[in-house]
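J.: Numbering (the working numbering), first residue to last: 385 to 676.
Backbone N, C-alpha and C define an ideal beta-carbon position, used for all residues, glycine too.
If you scroll down you'll find the structure; I have some questions about it.
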Amino acid sequence: MIYINPTKIRPTQNWLDKAKTLKAELLAKDEIERISFITQKRNDVWGHDDLIAALRNVVGNKCWYSEVDLTGSDPNIDHFRPKGRVKEINNETLANLNTDSGGYWWLAFDLENFRLSSMHSNQRRVDEQTDGGKWDYFPVEGLRALEKTPLNLITEAVLPLDPCSATDVAMMWFGPDGNPGFSNWRRKPTDFEQKRMKITIWLFHLDKLETASNRTSAVEELKISLKNADAIYQIWQSRGGGNEEHEKKIFDNYLADIYSKICDESPFAGAKRCALNISRADYSWMEEYLPN
Numbered sequence: 385m386i387y388i389n390p391t392k393i394r395p396t397q398n399w400l401d402k403a404k405t406l407k408a409e410l411l412a413k414d415e416i417e418r419i420s421f422i423t424q425k426r427n428d429v430w431g432h433d434d435l436i437a438a439l440r441n442v443v444g445n446k447c448w449y450s451e452v453d454l455t456g457s458d459p460n461i462d463h464f465r466p467k468g469r470v471k472e473i474n475n476e477t478l479a480n481l482n483t484d485s486g487g488y489w490w491l492a493f494d495l496e497n498f499r500l501s502s503m504h505s506n507q508r509r510v511d512e513q514t515d516g517g518k519w520d521y522f523p524v525e526g527l528r529a530l531e532k533t534p535l536n537l538i539t540e541a542v543l544p545l546d547p548c549s550a551t552d553v554a555m556m557w558f559g560p561d562g563n564p565g566f567s568n569w570r571r572k573p574t575d576f577e578q579k580r581m582k583i584t585i586w587l588f589h590l591d592k593l594e595t596a597s598n599r600t601s602a603v604e605e606l607k608i609s610l611k612n613a614d615a616i617y618q619i620w621q622s623r624g625g626g627n628e629e630h631e632k633k634i635f636d637n638y639l640a641d642i643y644s645k646i647c648d649e650s651p652f653a654g655a656k657r658c659a660l661n662i663s664r665a666d667y668s669w670m671e672e673y674l675p676n
């Protein structure tokens with residue numbers, strides 16, 4: 385997970401006008417009418433090509449939760465706060481409490497409530513060793529927002545980390561093996577931070593075996609690039625570190641490769657950036673050539 389700047393989500397004015405009109409109509413509906421109304425307007429709002437293109441334009445065609453590449457897959461447009469029912473869980477054990485809340489129906493057409501997601505992060509899946517997927521879950525600590533509260537006035541203690549929150553993303557960490565958690569983090573996490581991390585991993589299925597394996601491979605590829613860059617850097621320096629050295633050009637190529645691996649559009653950029661920071665203690669040249 386990397387930071388998604390919400391100000392960079394820019395659908396067309398036609399889409400914005402349509403969403404605004406539909407929201408006004410939705411707020412005037414009674415409880416029975418609004419469920420079918422939301423469903424009927426899917427293709428006009430979150431299923432519309434204008435919105436999908438706007439979401440893809442931010443960091444490319446990848447899931448904002450897991451950072452898997454969505455090439456060849458149909459993207460899921462997730463309502464971060466569910467537009468329908470919300471299934472309640474025990475926030476400590478993650479057990480389903482078999483009780484529902486009404487959900488955030490009034491945010492069904494709000495631009496700020498949409499997230500680009502993969503199927504496995506958005507839809508519930510149970511594998512042999514893991515289970516996850518957001519589905520109808522949206523855990524909060526304490527009370528939920530009152531019905532019709534504008535999104536910018538909601539003050540819930542949200543438990544899953546939000547890619548559109550810079551402070552949340554600052555907490556998202558991956559250990560040296562590429563697995564999410566607080567291994568080698570900058571400090572000891574609080575109990576509440578650990579709870580948020582646990583729920584985030586479970587809710588977005590970040591520990592799905594295929595995803596975890598691909599993420600670990602991506603991290604290992606970055607580590608190999610760092611080792612190769614270090615090897616050629618040492619040769620370059622041993623020969624005087626001149627501006628015309630052949631090794632300097634090779635070192636530049638390795639740096640370009642590393643930068644491409646950690647760019648916003650790259651799959652698993654968040655995990656690779658964590659691995660990069662963990663590696664700073666091993667390579668003195670990173671401070672100069674790969675600054676934070």
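Does the count of Cβ pairs from the region 641-651 and the region 428-448 closer than 8 angstroms reach three?
T.: Because the criterion of three Cβ pairs below 8 angstroms is met, the region 641-651 and the region 428-448 touch.
J.: Going by C-alpha to C-alpha distance, which of Ala653, Ile388, Thr477 and Asp401 sits closest to Phe493?
T.: Taking the first residue of the sequence shown as 1, we reach residue 493 at position 109. Here the closest residue by C-alpha is Asp401.
J.: Please state whether the Cβ-Cβ distance between Trp399 and Leu439 is less than 7 angstroms.
T.: Within the sequence shown, residue 399 is the residue found at index 15, counting from 1. Within the sequence shown, residue 439 is the residue found at index 55, counting from 1. Taking 7 angstroms as the Cβ cut-off, Trp399 and Leu439 do not qualify as a contacting pair.
J.: Kindly confirm or deny that the region 613-629 and the region 533-541 touch, where touching means at least three C-beta pairs closer than 8 angstroms.
T.: Touching, no.
J.: Do you know offhand how far Gly487's Cα is from Asp614's?
T.: In the sequence shown, residue 487 corresponds to position 103, counting from 1. In the sequence shown, residue 614 corresponds to position 230, counting from 1. For Gly487 and Asp614, the distance between alpha carbons rounds to 52 angstroms.
J.: Which one or two residues does DSSP pair with Tyr521 in a beta bridge?
T.: The residue you call residue 521 lines up with position 137 of the sequence shown. The partner list for Tyr521 (beta bridge, DSSP) reads Lys471.
J.: Taking the Cβ atom as the reference point for each residue, do Arg599 and Ala640 lie within a distance shorter than 7 angstroms?
T.: Within the sequence shown, the letter at position 215 stands for residue 599. Within the sequence shown, the letter at position 256 stands for residue 640. Taking 7 angstroms as the Cβ cut-off, Arg599 and Ala640 do not qualify as a contacting pair.
J.: To the nearest angstrom, how far is the alpha carbon of Ile603 from that of Ile461?
T.: Working through the sequence shown from its first residue, we reach residue 603 at position 219. Working through the sequence shown from its first residue, we reach residue 461 at position 77. The amino acid at residue 603 is misidentified as Ile; the sequence shows Val. Each residue's alpha carbon lies about 27 angstroms from the other.
J.: Where DSSP assigns a beta bridge to Leu406, which residues make up the other side?
T.: The residue labelled residue 406 in the question sits at position 22 within the sequence shown. In DSSP, Leu406 forms no bridge with anything.
J.: So for Thr595, helix, strand or coil by DSSP?
T.: Residue numbering aside, residue 595 sits at position 211 when the sequence shown is read from its first letter. Thr595 falls in the helix class under three-state DSSP.
J.: Helix, strand or coil, according to DSSP, for His463 in the structure here?
T.: Along the sequence shown, one-based indexing puts residue 463 at 79. Strand.
J.: Between the Cα of Glu672 and those of Ala412, Trp586 and Tyr617, spot the shortest distance and give me the residue it belongs to.
T.: In the sequence shown, the residue the question calls residue 672 occupies position 288. If we check each option's Cα against that of Glu672, Tyr617 comes out closest.
J.: As an exercise, report each continuous beta strand (DSSP E) stretch of at least 3 residues that is fully enclosed by the region 479-510, in chain order.
T.: If we require 3 residues or more, the beta strand (DSSP E) runs fully inside the region 479-510 come out as 480-485 and 498-501.
J.: Buried or exposed: which applies to Lys633, given that a residue is buried once 16 or more other Cβ atoms fall within 10 Å of its Cβ?
T.: For the purposes of this step, residue 633 is identified with residue 249 of the sequence shown, where counting begins at 1. Exposed, by the Cβ-count rule.
J.: Cα separation between Leu478 and Leu527?
T.: Position 94 of the sequence shown, counted from the first residue, corresponds to residue 478. Position 143 of the sequence shown, counted from the first residue, corresponds to residue 527. Between Leu478 and Leu527, the C-alpha separation is close to 17 angstroms.
J.: Taking only the alpha-carbon atoms, compute the straight-line gap between Lys467 and Leu495 and give it to the nearest angstrom.
T.: Sequence index remark: in the sequence shown, residue 467 carries index 83 (1-based). Sequence index remark: in the sequence shown, residue 495 carries index 111 (1-based). Each residue's alpha carbon lies about 13 angstroms from the other.
J.: From Ile676 to Asn661, what does the alpha carbon distance come to, in whole angstroms?
T.: Start at 1 with the first residue of the sequence shown, and residue 676 comes out as number 292. Start at 1 with the first residue of the sequence shown, and residue 661 comes out as number 277. It should be noted that the sequence gives Asn, not Ile, for residue 676. Each residue's alpha carbon lies about 8 angstroms from the other.
J.: Return the residue from the list Tyr449, Ile388, His463 and Pro395 that minimises the CA-CA distance to Ile678.
T.: Nothing can be reported for residue 678: it is not among the residues displayed for the chain, which extend from 385 to 676.
J.: Might you give, ordered along the chain, the residues of its own chain that have their beta carbon closer than 7 angstroms to the beta carbon of Glu631, omitting 5 neighbours on each side?
T.: Taking the first residue of the sequence shown as position 1, residue 631 is located at position 247. Closer than 7 angstroms at the Cβ level, and outside the excluded window around Glu631, lie Ile616, Ile619, Trp620 and Arg623.
J.: Report yes or no: do the region 404-423 and the region 573-580 share at least 3 C-beta pairs separated by less than 8 angstroms?
T.: Output reads no: the region 573-580 does not touch the region 404-423.
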